[in-house]
Amino acid sequence: MPVGSPKPQTVATEKYAKKAGWISKSYKLRKEVVDEYTQACKRAGVSAAGQLTTMMKNFAKEVNEMKYHIIEKHNRNAREELKSYSFDELKDFFEPNEEFEESHSEWEEIEDLLDLREFLEHEADGMEVEYTIIEDTES
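The sequence shown: position 127 = 601 (my numbering), numbered continuously.
What follows is the structure, given as structure tokens:
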């Protein structure tokens, strides 16, 4: 097997895929899962790629529309706990003052709920985190 640069067509294909916004690296899936999915799409007379695109868009929409509630552990307040927050609103709720530069730079890197929970644990500095964040199951 030759050593060196990848085939030019591979590089060109990857560049095109990147430019088109496609995921150029395929995810590793079990062959049986892919085969079953492909066969189901054929039986239904639909495009496998079209179905995947639709599923991804629907999933992203669902996650982006998800709402959360903030529960303050030591100062329970039913009115406050009923408020629903989008992820961005939730993140903004916990934004530190800009004068705490290190905390603020860490806060800016928060991308998901796991990051936010880790941030709150770090800010608690070994103490109990004062807040619980729960998903709104009624949305």
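Glycine included, C-beta positions come from ideal geometry on N, C-alpha and C.
Note that the structure is a prediction, hence the values are computed from the model and not measured.
Kindly indicate which three-state DSSP category Thr512 falls into: helix, strand or coil?
helix
For Thr606, which beta-bridge partners are listed by DSSP?
Ile545
Would Ile584 pass as a contact of Tyr542 if the rule is Cβ separation under 8 Å?
no
Whether or not the region 565–578 and the region 509–528 are in contact is what I'm after, with contact meaning three or more pairs of Cβ atoms, one per stretch, closer than 8 Å; do they touch?
no
Answer yes or no: do Lys547 and Thr606 have a C-beta to C-beta separation smaller than 8 Å?
yes
Tell me, to the nearest whole angstrom, how far the beta carbon of Phe441 is from that of Met530; I am working on the premise that it is less than 8 Å.
The shown model of the chain, from 475 to 613, leaves out residue 441, and the question about it has no answer.
Is it buried or exposed for Leu564, if we count other Cβ within 10 angstroms and need 16 for buried?
buried
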